[in-house]
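What follows is a short report on a single structure.
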Amino acid sequence: MAYYGVLVKFLSIATLIFLVRSFIKYLLGFANWETDGVVDDDAFKAEGSGEGDEEKPLVVSFGEMLIDFVPDVAGVSLADSLGFVKAPGGAPANVAVAISKLGGRSAFIGKFGEDEFGHMLVEILKKNGVNTEGICFDPNARTALAFVTLKTNGQREFTFYRNPSADMMLTESDLNVDLIQRAKIFHYGSISLISEPCRSAHLAAMDAAREAGLLLSYDPNVRLPLWPSEDAAKGGILSIWTEADFIKVSDDEVAFLTNGGDPENEDVVMSLWFDGLKLLVVTDGEKGCRYFTKDFRGKVNGFSVKTVDATGAGDAFVGALLVSLAKDESIIQDEGKLREALTFANACGALSTTQKGAIPGLPDAAMAHQLIKKSKSK
Numbered sequence: 003m004a005y006y007g008v009l010v011k012f013l014s015i016a017t018l019i020f021l022v023r024s025f026i027k028y029l030l031g032f033a034n035w036e037t038d039g040v041v042d043d044d045a046f047k048a049e050g051s052g053e054g055d056e057e058k059p060l061v062v063s064f065g066e067m068l069i070d071f072v073p074d075v076a077g078v079s080l081a082d083s084l085g086f087v088k089a090p091g092g093a094p095a096n097v098a099v100a101i102s103k104l105g106g107r108s109a110f111i112g113k114f115g116e117d118e119f120g121h122m123l124v125e126i127l128k129k130n131g132v133n134t135e136g137i138c139f140d141p142n143a144r145t146a147l148a149f150v151t152l153k154t155n156g157q158r159e160f161t162f163y164r165n166p167s168a169d170m171m172l173t174e175s176d177l178n179v180d181l182i183q184r185a186k187i188f189h190y191g192s193i194s195l196i197s198e199p200c201r202s203a204h205l206a207a208m209d210a211a212r213e214a215g216l217l218l219s220y221d222p223n224v225r226l227p228l229w230p231s232e233d234a235a236k237g238g239i240l241s242i243w244t245e246a247d248f249i250k251v252s253d254d255e256v257a258f259l260t261n262g263g264d265p266e267n268e269d270v271v272m273s274l275w276f277d278g279l280k281l282l283v284v285t286d287g288e289k290g291c292r293y294f295t296k297d298f299r300g301k302v303n304g305f306s307v308k309t310v311d312a313t314g315a316g317d318a319f320v321g322a323l324l325v326s327l328a329k330d331e332s333i334i335q336d337e338g339k340l341r342e343a344l345t346f347a348n349a350c351g352a353l354s355t356t357q358k359g360a361i362p363g364l365p366d367a368a369m370a371h372q373l374i375k376k377s378k379s380k
């Protein structure tokens, strides 16, 4: 009986150890899912602070971050989807993570709900090496959510839940101006222009960036369902158009902003040009992109990949190009160097579409260079 008692006790302890180890593995698996593509922690002395990487130029990204709920099966409506995978997203945040994963140095400014989703998103930024000094929480508003309808070709539509969400409640007093002043590039979209108080905070952040001599980067990232009307969207987007140094738009956005103009027509594209703009880039999916400067213009071919989810492709492109611009802004005056940077950006944009979700699909530099090398060998 004594032997039996010892055996039972041993088995109980062994079972407890097994359960604890299994639970830890579960947690680690969940963490890995949340931060898919995480940069090596050794690259940063303090997660989310950028400490130990001060010699690299800083890119500050301003705006929204949210949870995308992506259906587990493409080609069906939201109502018919049986399950969803939650994936971190939001264009400005995607850009910040893209920069960090490509070896650059980035920070994010925005507001989250004081809820589980909000804290989860901040941890994802930290785990991906993004400086989070510019983040604050709102106890009275929720973190934004979006449900994504995936088409069979990987293209998507969004249904947003954010009325109001915490990102919309960012105020001018919430801004970390010191963080902006330490940067080389300030990047933003247009969603933060939709309503107050975030619109005023956005404009104040742009003013601080301009006064500090930063390069201003603008990707409108048109999301018409979020605006009161198409006219409001167009007016809001164009209201800050001439403040930017670099603008990236898709071919569809060119058509929208030019009242149905043909985005393939250079005269149509150049109607968006203004004195003071340094670089205008028009993206067109796997076809690549076209670039326009005051001295030259041209096209850089894209890459053909098996697209699963195009969410975040433009953000991966922008992040890659900003990494190059942060290292050497003079590439805007050197067409050869600019084409190299755009080829790299095209590769990053293409690779990001091969997985579901925006941030989980963001590639590292080695993956992009491998795709470029593979393409050249064909």
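Residue numbers (our numbering): 3 to 380. C-beta: ideal position from N, C-alpha, C; glycine also.
Nearest-angstrom Cα separation, counted from residue j out to residue i
{"i": "LYS375", "j": "ALA89", "result": "30 Å"}
{"i": "MET272", "j": "THR356", "result": "32 Å"}
{"i": "LYS308", "j": "GLU174", "result": "43 Å"}
{"i": "GLY120", "j": "GLY91", "result": "12 Å"}
{"i": "SER51", "j": "GLY363", "result": "Caution is warranted here: a pLDDT of 42 is assigned to SER51, below 50, making its placement in the model unreliable, and the coordinate value is therefore given only provisionally. Rounded to whole angstroms, SER51 to GLY363 spans 23 Å at the Cα level."}
{"i": "LYS128", "j": "GLU118", "result": "15 Å"}
{"i": "LYS289", "j": "ASP140", "result": "42 Å"}
{"i": "GLY300", "j": "PRO265", "result": "14 Å"}
{"i": "LYS358", "j": "GLY314", "result": "10 Å"}
{"i": "ARG184", "j": "SER83", "result": "45 Å"}
{"i": "LYS378", "j": "CYS291", "result": "18 Å"}
{"i": "SER192", "j": "LEU240", "result": "9 Å"}
{"i": "GLY262", "j": "ASP269", "result": "13 Å"}
{"i": "LEU123", "j": "ARG341", "result": "34 Å"}
{"i": "LEU101", "j": "HIS371", "result": "For the sequence presented, residue 101 should be read as Ile rather than Leu. Their Cα atoms are separated by approximately 15 Å."}
{"i": "ALA168", "j": "VAL284", "result": "31 Å"}
Extent of the continuous beta strand (DSSP E) run through residue i
{"i": "ASN133", "result": "133 to 140"}
{"i": "LEU147", "result": "147 to 152"}
{"i": "GLY225", "result": "For clarity, residue 225 is Arg in the given sequence; the question names Gly instead. Careful: ARG225 lies outside any beta strand (DSSP E) and carries neither H nor E."}
{"i": "PHE86", "result": "86 to 91"}
{"i": "GLY262", "result": "Neither: GLY262 is in no beta strand (DSSP E) and is coded neither H nor E."}
{"i": "ARG292", "result": "291 to 294"}
{"i": "LEU68", "result": "68 to 73"}
{"i": "PHE319", "result": "PHE319 -> not in any beta strand (DSSP E); alpha helix (DSSP H) instead, spanning 315 to 329."}
{"i": "SER167", "result": "Counting along the chain, SER167 falls outside any beta strand (DSSP E), and DSSP gives it neither H nor E."}
{"i": "VAL284", "result": "281 to 285"}
Neighbourhood of residue i by C-beta distance below 7 Å, restricted to the same chain and skipping five residues each side
{"i": "ALA343", "result": "LEU323, SER326 and ILE333"}
{"i": "ALA206", "result": "GLU174 and LEU177"}
{"i": "MET369", "result": "LEU353"}
{"i": "ALA203", "result": "LEU172, THR173, GLU174, ASP176 and LEU177"}
{"i": "GLU331", "result": "LEU217"}
{"i": "VAL179", "result": "ALA210"}
Limits of the alpha helix (DSSP H) - the one that residue i falls within
{"i": "ARG107", "result": "Unbroken run through ARG107 is the beta strand (DSSP E), 107 to 115; no alpha helix (DSSP H)."}
{"i": "LEU340", "result": "337 to 353"}
{"i": "PHE305", "result": "Counting along the chain, PHE305 falls outside any alpha helix (DSSP H), and DSSP gives it neither H nor E."}
{"i": "ASP182", "result": "Checking the sequence shown, residue 182 turns out to be Ile, not Asp. Looking at the DSSP string, the run of the alpha helix (DSSP H) that includes ILE182 is 179 to 183."}
{"i": "SER202", "result": "200 to 213"}
Cβ-based neighbour list, residue i, same chain, cut-off 8 Å, excluding 5 preceding and 5 following
{"i": "PRO166", "result": "ALA143 and SER197"}
{"i": "GLN335", "result": "THR295 and ASP297"}
{"i": "LYS236", "result": "PHE258 and LEU259"}
Cβ neighbours of residue i in the same chain (closer than 6 Å, five flanking residues each side left out)
{"i": "CYS200", "result": "MET170, LEU172 and SER194"}
{"i": "ASP286", "result": "ASP253"}
{"i": "PHE149", "result": "PHE71, LEU80 and THR161"}
{"i": "ARG107", "result": "GLY52, ASP55, LYS58 and LEU60"}
{"i": "ASP44", "result": "Only weak support exists for where ASP44 lies, its pLDDT of 35 falling under 50; the value from the coordinates is given anyway. No residues qualify anywhere along the chain."}
{"i": "GLY85", "result": "ASP74"}
{"i": "ALA367", "result": "LEU104 and GLY105"}
Sub-8 Å separation of residue i and residue j beta-carbons
{"i": "ASN348", "j": "GLY316", "result": "no"}
{"i": "LEU181", "j": "ALA95", "result": "no"}
{"i": "LYS186", "j": "ALA98", "result": "no"}
{"i": "ASN133", "j": "LYS103", "result": "no"}
{"i": "PHE298", "j": "LEU282", "result": "no"}
{"i": "LYS280", "j": "PHE248", "result": "yes"}
{"i": "LEU2", "j": "TYR163", "result": "There is simply no residue 2 to check, as the chain begins at 3 and stops at 380 in what is shown."}
{"i": "VAL256", "j": "LEU228", "result": "no"}
{"i": "GLY136", "j": "GLY65", "result": "no"}
{"i": "ALA93", "j": "ASN223", "result": "yes"}
{"i": "THR145", "j": "GLY115", "result": "yes"}
Nearest to residue i (by Cα), restricted to the options the options
{"i": "LEU80", "options": "LYS153, LYS103, VAL61 and ILE111", "result": "LYS153"}
{"i": "SER218", "options": "PHE294, ALA234, LYS301 and LYS250", "result": "Reading off the sequence, residue 218 comes out as Leu, not Ser. Of PHE294, ALA234, LYS301 and LYS250, the residue nearest in Cα terms is LYS250."}
{"i": "GLY258", "options": "ILE242, LEU282, ASP277 and LEU226", "result": "The sequence given here has Phe at residue 258, not Gly. Cα-wise, what sits closest to PHE258 is LEU226."}
{"i": "VAL62", "options": "ALA210, ASP82, GLU125 and ALA168", "result": "ALA210"}
{"i": "VAL87", "options": "ALA234, ASP330, ASP311 and LEU340", "result": "ASP311"}
{"i": "TYR220", "options": "LYS339, THR244 and GLY263", "result": "THR244"}
{"i": "LEU373", "options": "LEU353, LEU216 and GLY85", "result": "LEU353"}
{"i": "ASP55", "options": "LEU282, GLY215, GLU135 and GLY105", "result": "GLY105"}
{"i": "ALA76", "options": "GLU159, PRO365, ILE361 and ASN178", "result": "GLU159"}
{"i": "LYS296", "options": "LYS289, ARG212, GLY65 and PHE276", "result": "PHE276"}
{"i": "ALA246", "options": "GLY262, LEU228, ASP269 and GLY215", "result": "GLY215"}
{"i": "LEU68", "options": "ILE361, SER377, PRO365 and ALA370", "result": "ILE361"}
{"i": "GLY338", "options": "ALA318, PRO222, VAL302 and GLY321", "result": "VAL302"}
{"i": "HIS189", "options": "ILE242, PRO365, VAL78 and GLY351", "result": "ILE242"}
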